[in-house]
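Below you'll find the structure, written out as structure tokens, and then a few comments.
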Amino acid sequence: MGQIILSARTDPAENLALEETLLFTPRREPWLYLWCNRPVVVIGRNQNPYLECSLDQLEQTGVPVVRRLSGGGAVYHDLGNLNYTFFCPEEQMDIQHQTNVIRRALEDLGITATFSGRNDLLVEGRKISGAAYYTENGCAYHHGTLLIDVDLEQMAQALTPSGLKLKTKSISSVRQRVANLKEINPNLTMTAVAQALMARFQAEYGAAEVRTWDFEVCPPEHLERYRSAAWNLGDCPAYDAALEVPVAGGVVRVMAHVVQGAITKASLSSDLLEALSVLCLEQALTGCLFTAEAISERLEKYLRPSTNTTREK
């Protein structure tokens, strides 16, 4: 018998960790996993977070960036978005058929959706669902989003890159016109959509046991992955970038070559550095995570003694 798994959590790291755990859980029949995240930007396996969003702005609003296993573009989740994941052995993976399950569930709710590209669904010409897939060691999943009542203004802000100047080979998200399903049917609820998906899944694949799983079943290494800055921010192609970092007394401009999220070579410029050893500071940044917070913390260790000395004179 197949299974329908409902997540009891809204923590993005926990939900993605559970998804990875379910991926490698032995099964013969397809499984369906339904889950919701509190606000988060989820980026594709090969994406550069600095190219996809403004990390400093997200940090100020408390919205994390989490990297998933699958490829594809960056997406914004909040509690108005329902995520679905189909699990099956790799040889049974049929993305078009699984996407059709979603389309027919929406049809059951009186909403006509059409295919676009490989994995997207449109309603009245606007995107309401996007998807990606991942396979490893004969296991596979196909997952996607359903925009029900997402804060589209927050989505647009979250997925707007900062003014960093970047040179990179990363994949840039394709930004499309999107719509919420509640714009089509104002009476639609998250529960109604989830129930329609579960009913259509069982109509296609047979009766399934519905279970609520908690993240405690996840191996610790899965949860640690999605909480790790090295994975979420660092696991991307090398790139060159410039970043203005606030420190005590002013701003330092950092030009850096970044590999796997860490600075391998840096050059600095700032009025604060006239009386300091620029070379020493540049060397001190080697290996530092390329975020404003990490760079500022590293620089402050070297700048603070000098600025204190200046004030005493």
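Just so you know, my numbering puts 25 at position 34 of the sequence shown, and the rest follows in order with no gaps. Virtual Cβ for every residue (Gly too), placed ideally from N, Cα, C.
Provide the residue span of the beta strand (DSSP E) that contains residue i, from first to last.
| i | result |
| --- | --- |
| Thr151 | That residue, Thr151, is in no beta strand (DSSP E); it is neither H nor E in DSSP. |
| Asn74 | Asn72 to Pro80 |
| Val141 | First-last for Val141: undefined, no H or E at that position. |
| Ile(-5) | Gly(-7) to Ser(-2) |
| Glu113 | The sequence shown places Leu at residue 113, not Glu. Looking at the DSSP string, the run of the beta strand (DSSP E) that includes Leu113 is Asp111 to Val114. |
| Ser107 | Thr105 to Ser107 |
Please classify residue i: does DSSP put it in a helix, a strand, or coil?
| i | result |
| --- | --- |
| Ser120 | strand |
| Leu234 | strand |
| Ala253 | strand |
| Met84 | coil |
| Leu259 | strand |
| Leu276 | coil |
| Ser287 | helix |
| Thr90 | helix |
| Cys27 | coil |
If you draw a straight line from the alpha carbon of residue i to that of residue j, how long is it in whole angstroms?
| i | j | result |
| --- | --- | --- |
| Val242 | Arg94 | 51 Å |
| Glu265 | Leu259 | Model confidence at Glu265 stands at a pLDDT of 49, short of 50, so the residue's coordinates are unreliable; what they give is reported in the following sentence. Roughly 11 Å between the two C-alpha positions. |
| Ala232 | Ile119 | 33 Å |
| Leu172 | Ala187 | 14 Å |
| Leu280 | Leu7 | 23 Å |
| Ser314 | Thr255 | Residue 314 falls outside the range modelled here, since the chain spans only -8 to 304, and no answer is possible. |
| Thr1 | Ser261 | 42 Å |
| Gly108 | Asp69 | 25 Å |
| Phe77 | Glu98 | 19 Å |
| Trp204 | Ile(-4) | 6 Å |
| Glu81 | Thr12 | 16 Å |
| Ala(-1) | Tyr67 | 20 Å |
Where does the unbroken alpha helix (DSSP H) through residue i begin, and where does it stop?
| i | result |
| --- | --- |
| Asp47 | Leu46 to Thr52 |
| Val184 | Met181 to Tyr196 |
| Thr354 | Since the first residue of the chain shown is -8 and the last is 304, residue 354 is not available in this structure. |
| Ala220 | Ala220 to Asn223 |
| Ile175 | Leu172 to Ile175 |
| Glu43 | Pro40 to Glu43 |
Practice problem: Pair every Cβ in the region 179 to 192 with every Cβ in the region 129 to 140, then say whether three or more of these pairs are closer than 8 Å. | Solution: Touching, per the Cβ criterion.
Quiz item: So, do the region 16 to 33 and the region 190 to 197 have three or more beta carbon pairs nearer to each other than 8 Å?
Solution: A contact exists between the region 16 to 33 and the region 190 to 197.
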